[in-house]
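**Student:** Residue numbers (the working numbering), protein chains in the order written: chain F, 1 to 169; chain Z, 170 to 338. C-beta atoms are modelled at their ideal positions from N, C-alpha and C, and glycine is treated no differently. Remember, it's a predicted structure, so these values are computed and weren't measured experimentally. Have a look at the structure that comes next, please.
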DNA sequence: CCGAATATGTGCGCTCCGCACATATTCGGT
DNA sequence: ACCGAATATGTGCGGAGCGCACATATTCGG
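Now the structure itself:
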């Protein structure tokens, strides 16, 4: 195994996430999984507290309090869900705008590290990362977790495998 | 700008750091910058509270309390520094062992994602990452920050630029 | 020699989160 | 149709991690 290369990827990932998280905190004024929550809620219609919990990898109560904060910041609304037990989470207008700023901030943070490469090098790097992600053995939940900060406007055809993998679960 | 590739690198970085941080928490029983602190203290002779603060990007008091935790966990010792104001931080035997476990855990976390690539692909990815890091405009402090979790046993010749850059500061 | 700079420690409070417990709704077997 | 199990959410409580403001000790520089 090439541990030297693993180390380099670890260092790069740390640098990337430092910049993403710093920008995210400036945009939403909060840290932890709060920015990711805002992005995840914006993906879908009918996101529930419990789905969010699993995607973010938080405890149940931690997720409830996280949503409390989003609601008190007027970024998210709790509405009655289809199932009487569920709560359906929706972005407010302000929440959608903040989410948008968040995605822009994230892409520009990564791009600022990436733009030292030539277009050809960037493309080669992109293809390798795409291969790497394609071949991961990810459950559907894993996919949402990995993609919990992804920009759905620029990520057409996500490379992560969908149906197969992890014993079809 | 290729924002699609920036998005992929962001997703990969998130996946990598999720795994690194999970492993680190299991090894040291603590999160935040505590694992990185243990690694940084292990690099040098005569690490001080203030140098550590700058590398980790924490406040002064946050760093003092972080070291308090490391001391109470018997991973680090405070010794009188050369300068009468400074405190010299040293790993205990237990601290050195924990640091070692931490580095092993980190490399294996990254490797578990990386090993779906062929040796040739891995090598190409490594070269591109190396190029990417080489061309960053990093101050000396930036280098330490980016490398704050790096495995000094496997990272021979770090690609990050040393002397030039950021107006020679 | 004394004020400024440097380095560390402390009181206090905030954010983010988990555990344990409580409540409400739906599902499933009889 | 009914009742226990499963599902989904909310709450009391506390801990981990961190920052701000302030205090103290040591060193530097004019």
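#1: Hey, is residue 308 of chain Z's beta-carbon within less than 8 Å of any beta-carbon in chain F?
#2: Here's the rule: buried if 16 or more other CB atoms are within 10 angstroms of the residue's CB, otherwise exposed. What is residue 336 of chain Z?
#3: Starting from residue 246 of chain Z and walking both ways along the beta strand (DSSP E), at which residues does that stretch end?
#4: So with Cβ pairs under 8 Å, would you call residue 173 of chain Z a contact of chain F?
#5: Could you pull out every residue in the same chain whose Cβ sits closer than 6 Å to the Cβ of residue 160 of chain F, ignoring the five residues on either side in sequence?
#6: Output needed in chain order: residues of the stretch 205 to 236 of chain Z with a Cβ under 9 Å from some Cβ in chain F.
#7: Out of curiosity, what's the CA-to-CA distance linking residue 156 of chain F and residue 16 of chain F?
#8: Is the beta carbon of residue 239 of chain Z closer than 8 Å to that of residue 271 of chain Z?
#9: State the Cα-Cα distance for the pair residue 165 of chain F and residue 158 of chain F, rounded to the nearest angstrom.
#10: What are the start and end residues of the alpha helix (DSSP H) that includes residue 27 of chain F?
#11: What residues in its chain sit with their C-beta under 7 Å from that of residue 255 of chain Z, if we drop five residues either side in the sequence?
#12: Determine the burial state of residue 169 of chain F: buried for a count of at least 16 other Cβ atoms within 10 Å of its Cβ, exposed for fewer.
#13: When the Cα atoms are used, what is the spatial distance from residue 68 of chain F to residue 258 of chain Z?
#14: Ends of the beta strand (DSSP E) at residue 91 of chain F?
#15: Closest to residue 175 of chain Z by C-alpha separation, out of F/129, F/52, F/73 and F/74, would be which residue?
#16: Go through its chain and collect everything with a Cβ distance to residue 323 of chain Z's Cβ below 8 Å, but skip five positions before and after it.
#17: What span of residues does the alpha helix (DSSP H) with residue 300 of chain Z cover, start to end?
#18: Using a Cβ-Cβ cut-off of 8 Å, state whether residue 121 of chain F counts as contacting chain Z.
#19: Touch check for the stretch 244 to 251 of chain Z and the stretch 279 to 296 of chain Z: three-plus C-beta pairs under 8 Å?
#20: Enumerate in chain order the residues of its own chain whose CB-to-CB distance from residue 194 of chain Z is below 7 Å, with the five nearest sequence positions on each side excluded.
#21: Measuring only between beta-carbons, confirm whether residue 242 of chain Z sits less than 8 Å from chain F.
#22: Let me see if you follow: with CB-CB separation under 8 Å, is residue 16 of chain F close to chain Z or not?
#23: Give a yes or no on whether 8 Å exceeds the smallest Cβ distance from residue 8 of chain F to chain Z.
#24: Should residue 113 of chain F and residue 19 of chain F be called a contact, given that it needs their Cβ atoms to be closer than 8 Å?
#25: Could you name the residues that DSSP lists as bridge partners for residue 217 of chain Z?
#26: Taking the Cβ atom as the reference point for each residue, do residue 227 of chain Z and residue 209 of chain Z lie within a distance shorter than 8 Å?
#27: Quick check on the DSSP output: the alpha helix (DSSP H) that includes residue 69 of chain F runs from which residue to which?
#28: By how many angstroms is the C-alpha of residue 253 of chain Z removed from the C-alpha of residue 178 of chain Z?
#29: Assign residue 213 of chain Z to one of two classes, buried (16 or more other C-beta atoms within 10 Å of its C-beta) or exposed (fewer than that).
#30: At the level of alpha carbons, what is the spacing between residue 176 of chain F and residue 98 of chain F?
**Tutor:** Walking through what the data contain:
#1: Against the second chain, residue 308 of chain Z aligns to sequence position 139. Answer no: the Cβ-Cβ gap between residue 308 of chain Z and chain F never drops below 8 Å.
#2: In the second chain, residue 336 of chain Z corresponds to position 167, counting from 1. Low per-residue confidence applies at residue 336 of chain Z: pLDDT is 45, beneath 50, and the placement is therefore not dependable, though the value from the model is reported in the following sentence. When all chains shown are included, residue 336 of chain Z counts as exposed.
#3: To locate residue 246 of chain Z, count along the second chain from 1; it is residue 77. That run of the beta strand (DSSP E) goes 245 to 249.
#4: As a working note, residue 173 of chain Z is residue 4 in the second chain. Cβ-Cβ to chain F under 8 Å: yes for residue 173 of chain Z.
#5: Here residue 160 of chain F is taken as the residue at index 160 of the first chain, counted from 1. Contacts found: 133, 138 and 143.
#6: 205 and 226
#7: For this step, residue 156 of chain F is matched to residue 156 along the first chain. For this step, residue 16 of chain F is matched to residue 16 along the first chain. Taking the straight line from one Cα to the other gives about 21 Å.
#8: For the purposes of this step, residue 271 of chain Z is taken as the residue at position 102 of the second chain. For the purposes of this step, residue 239 of chain Z is taken as the residue at position 70 of the second chain. No; because the gap between Cβ atoms is not below 8 Å, this pair is not in contact.
#9: As a working mapping, residue 165 of chain F is identified with position 165 in the first chain. As a working mapping, residue 158 of chain F is identified with position 158 in the first chain. Residue placement at residue 165 of chain F is flagged as unreliable, the pLDDT there being 45, under the threshold of 50; a coordinate-derived value is accordingly withheld.
#10: Working through the first chain from its first residue, we reach residue 27 of chain F at position 27. Residues 3 to 28.
#11: Locating residue 255 of chain Z in the second chain gives position 86, where the first residue counts as 1. These residues qualify, in order along the chain: 217.
#12: Along the first chain, one-based indexing puts residue 169 of chain F at 169. For residue 169 of chain F, the pLDDT reaches just 43, beneath the cut-off of 50, and the residue's location in the model is therefore unreliable, although a value from the coordinates is still provided. Exposed: under 16 other Cβ atoms inside 10 Å.
#13: Working through the first chain from its first residue, we reach residue 68 of chain F at position 68. Working through the second chain from its first residue, we reach residue 258 of chain Z at position 89. If I take the Cα positions, the gap works out to 41 Å.
#14: Here residue 91 of chain F refers to the residue found at position 91 when the first chain is read from its first residue. 87 to 91 is the extent of the beta strand (DSSP E) around residue 91 of chain F.
#15: For the purposes of this step, residue 175 of chain Z is taken as the residue at position 6 of the second chain. If we check each option's Cα against that of residue 175 of chain Z, F/129 comes out closest.
#16: Counted from its first residue, the second chain places residue 323 of chain Z at position 154. Closer than 8 Å at Cβ, skipping near neighbours: 276.
#17: The residue labelled residue 300 of chain Z in the question sits at position 131 within the second chain. It spans 288 to 303 - the alpha helix (DSSP H) in which residue 300 of chain Z sits, taken as one unbroken run.
#18: As a working mapping, residue 121 of chain F is identified with position 121 in the first chain. Output row for residue 121 of chain F: interface = yes.
#19: no
#20: In the second chain, counting from the first residue as 1, residue 194 of chain Z sits at position 25. The answer, listed in chain order, is 200.
#21: Within the second chain, residue 242 of chain Z is the residue found at index 73, counting from 1. So, not an interface residue.
#22: Taking the first residue of the first chain as position 1, residue 16 of chain F is located at position 16. Yes - at least one Cβ of chain Z is within 8 Å of the one on residue 16 of chain F.
#23: The residue given as residue 8 of chain F occupies position 8 in the first chain. Yes, residue 8 of chain F counts as interfacial toward chain Z.
#24: By 1-based counting over the first chain, the position of residue 113 of chain F is 113. By 1-based counting over the first chain, the position of residue 19 of chain F is 19. Yes. Within cutoff.
#25: The residue you call residue 217 of chain Z lines up with position 48 of the second chain. Partner(s): Z/257.
#26: Indexing the second chain from 1 puts residue 227 of chain Z at position 58. Indexing the second chain from 1 puts residue 209 of chain Z at position 40. No, Cβ-Cβ distance for residue 227 of chain Z and residue 209 of chain Z is not below 8 Å.
#27: On the first chain, position 69 is the one that residue 69 of chain F refers to. Element bounds for residue 69 of chain F: 60 to 72.
#28: Working through the second chain from its first residue, we reach residue 178 of chain Z at position 9. Working through the second chain from its first residue, we reach residue 253 of chain Z at position 84. Approximately 46 Å, taken between the alpha carbons.
#29: Counting from one through the second chain, the residue named residue 213 of chain Z turns up at place 44. Exposed: under 16 other Cβ atoms inside 10 Å.
#30: Nothing can be reported for residue 176 of chain F: it is not among the residues displayed for chain F, which extend from 1 to 169.
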